[in-house]
Amino acid sequence: MGFLDPILEQQRIDAAALLNMKLEPRTSGDLAVVILLSVVYGIDLLAALALLWNRKYPPIKSKGPILMACLFVCSALWFVGDLQVNGHVRLINTVFTNCRGFGFWVRALMGICGVCAIVALRSYALHRVFKLNLSNRGFCFYLPLLVYIGCILVYGIVAMALHASASVEYMPLLDICRMDEPFKITIFVFIWVTAIFVGFINWKIRNIKSSFNESREMAIACGIVFVVLTFNTCVQFIHPHYPFVQRYRITTTILDHVCANALWWSVIAKPLYCSLFIRKRYLRKWVRRLRNDGLQRAYEIESTDGTVTGGSRCNEDSTIISSLGHKKTQQEFFYTNTPSTGNRQYKNDDTFYSVNTVALPPVALSARRGYINNSPASSANMTLAIDLMDVDPSSELRSPYSLHKASWHLPTLSDDFYWRGTDDDSHIL
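Note that the numbering used here has the sequence shown beginning at 61, numbered continuously upward.
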């Protein structure tokens, strides 16, 4: 690697000695940090692509996949800026000699401020939905972000108008970027104002009722933001020449990006894993949780008033899924079958179950009644439990329509069940 050039490093040490400063050269420790974090962000990139590919999967959609992908981009830009500002790589004869471009715009404004802004925007979205009962779309929702971007642009343009010695400049003898102290103070004031706004919004959503721990996720994100900023502020002002000391620069970079990744993965890890490995099962669990909490509207899913007989909520679940407007999701949820007759087998948890069927309907049920040998069963003695959502693992028979023998409470149970259509397109058992 070019930045491990021993001749260049010795020249840097000698130049620092002339300035009465001690400089520790770049070593394999810096190389290890660069490689390790590059691998981490490579994995993050794959995860971000998977997130966008599955963006219509409801549990992922509820997390704001576009926003989370933007958070990954901002974290990656922060990492690129850290490589330059913290002195891990050789700058001479590279684009990294543009200290204001990478150290100020890429690292501070697009990276750190971008991460803070996205955390604030997600918290603000939760505040609008769960506290104000407003949509998280439209001009009014994005107005605070647009104002903040405008502030960044004004601040950045003014900073670029300053002389390099009054902002950020490249020092060729030391092969490092130096930031003017007053300018450094303005950067940290700007970032801390952003962080305080993040904290304020998170305080406003501390008691919201949500189905999937959004307030806890954002509290963790807010805590991470404050930990990173507090550490960086202390290092920058207590040890202003920290890039000269290897343990300081390595610790700073690793802490920054362990925290940035923890923030990102704490939000997307579970839905992303479930979308890849237990997609259908988690979708059923997700919808059931949403239904039980009664928060369909908050997650932009229509609530239903349909009456479901036999103690089942399957019709409501089907309407929830239908309202998501994603054909593949509906197919995954409904276990759509082609109508047929004869004996069918279904596999659940590596165990096969068999049921005699006649024309199994390929749609969710809107009405259910129980018959034994074509004779109506007494509703007083029968509890019908056919539910796509609540499958009892201990039941004797499990299928996509889950007939539970234990739920009928009848002396005998015939296997001669059949389905027939009705005038209102419902189905009778």
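Yeah, the Cβ is synthetic: ideal placement off N, Cα and C, and Gly gets one too.
Could you tell me which residues DSSP pairs with Cys-237 in its beta bridges?
Position 177 of the sequence shown, counting from 1, holds the residue named residue 237. Tyr-230.
Do Arg-182 and Leu-127 have their C-beta atoms within less than 8 Å of each other?
As a working note, residue 182 is residue 122 in the sequence shown. As a working note, residue 127 is residue 67 in the sequence shown. Yes. Within cutoff.
Close beta carbons around Leu-332, own chain, < 8 Å, minus the five adjacent residues each side:
Against the sequence shown, residue 332 aligns to sequence position 272. Counting only Cβ-Cβ distances below 8 Å, and skipping sequence neighbours, we find Ala-107, Ala-110, Leu-111, Asn-114, Ile-120.
Give me the Cβ distance between Leu-186 and Ser-275, rounded to the nearest whole Å; I'm assuming they're in contact under 8 Å.
Residue mapping note: residue 186 aligns to position 126 of the sequence shown, counting from 1. Residue mapping note: residue 275 aligns to position 215 of the sequence shown, counting from 1. The C-beta distance from Leu-186 to Ser-275 rounds to 7 Å, short enough to fall under 8 Å.
How about the stretch 171-181 and the stretch 129-148: do they share at least three Cβ pairs that are nearer than 8 Å?
Between the stretch 171-181 and the stretch 129-148, the count of C-beta pairs closer than 8 Å reaches three or more; the two stretches touch.
Taking the C-alpha atoms as reference points, what is the distance between Val-258 and Val-288?
Here residue 258 corresponds to residue number 198 of the sequence shown, with the count starting at 1. Here residue 288 corresponds to residue number 228 of the sequence shown, with the count starting at 1. For Val-258 and Val-288, the distance between alpha carbons rounds to 14 Å.
Following the continuous alpha helix (DSSP H) through Glu-277, name the residue where it begins and the one where it ends.
Translated into positions along the sequence shown, residue 277 becomes position 217. DSSP places Glu-277 in the uninterrupted alpha helix (DSSP H) bounded by 274-298.
Would Lys-82 be called buried (16 or more neighbouring beta carbons within 10 Å of its own) or exposed?
The residue given as residue 82 occupies position 22 in the sequence shown. Its Cβ having fewer than 16 others within 10 Å, Lys-82 is exposed.
Cβ-Cβ distance between Thr-313 and Val-93 below 8 Å:
As a first step, residue 313 is located in the sequence shown; it is residue number 253 there, counting from the start. As a first step, residue 93 is located in the sequence shown; it is residue number 33 there, counting from the start. Yes.
Rounded to the nearest angstrom, what separates Asp-65 and Val-99 at their Cα positions?
Within the sequence shown, numbered from 1, the residue matching residue 65 stands at position 5. Within the sequence shown, numbered from 1, the residue matching residue 99 stands at position 39. Looking at the two C-alpha atoms, the distance is approximately 23 Å.
N- and C-terminal bounds of the alpha helix (DSSP H) containing Ile-314:
Looking up residue 314 in the sequence shown gives position 254. Where Ile-314 is concerned, the enclosing alpha helix (DSSP H) stretches over 306-337.
Identify whether Met-81 lies in helix, strand or coil by the three-state DSSP scheme.
Here residue 81 corresponds to residue number 21 of the sequence shown, with the count starting at 1. Here Met-81 sits in coil by DSSP.
Range of the contiguous alpha helix (DSSP H) that encloses Pro-118
As a position in the sequence shown, residue 118 is number 58, starting the count at 1. For Pro-118, the enclosing alpha helix (DSSP H) begins and ends at 118-121.
Between Tyr-215 and the rest of its own chain, which residues show a CB-CB distance below 7 Å, the 5 nearest in sequence each way excluded?
Indexing the sequence shown from 1 puts residue 215 at position 155. Residues Phe-250 of the same chain have their beta carbon placed closer than 7 Å to that of Tyr-215, with the five preceding and five following residues left out of the count.
Under a three-way DSSP split, which group does Gly-147 fall into?
Locating residue 147 in the sequence shown gives position 87, where the first residue counts as 1. In the three-state DSSP reduction, Gly-147 falls in the coil class, being neither helix nor strand.
Between which two residues does the alpha helix (DSSP H) containing Ile-217 stretch?
Residue 217 sits at position 157 when you count from the first residue of the sequence shown. Taken as a continuous stretch (DSSP letters only), the alpha helix (DSSP H) holding Ile-217 covers 199-221.
Assign Asp-74 to buried or exposed, taking buried as 16 or more other Cβ atoms, counted over all protein chains shown, within 10 Å of its Cβ.
As a first step, residue 74 must be located in the sequence shown, where it is residue number 14. Exposed: under 16 other Cβ atoms inside 10 Å.
Trp-346 burial status per 10 Å Cβ neighbour count (16 or more: buried)
Numbered from 1 along the sequence shown, position 286 holds the residue referred to as residue 346. Around the beta carbon of Trp-346, a 10 Å sphere encloses 16 or more other beta carbons of the protein chains shown; the residue is thus reported as buried.
Is it right to say Trp-123 is buried, meaning 16 or more other beta carbons lie within 10 angstroms of its own, or is it exposed?
Looking up residue 123 in the sequence shown gives position 63. The sequence shown places Lys at residue 123, rather than the Trp named in the question. Its Cβ being crowded by 16 or more others within 10 Å, Lys-123 is buried.
Which of the three DSSP states, helix, strand or coil, is assigned to Thr-396?
In the sequence shown, counting from the first residue as 1, residue 396 sits at position 336. Residue confidence is low: Thr-396 scores 38 on pLDDT, short of 50, so the model does not pin down where it sits. Its coordinate-derived value is still stated next. The answer is coil: DSSP assigns Thr-396 none of H, G, I, E or B.
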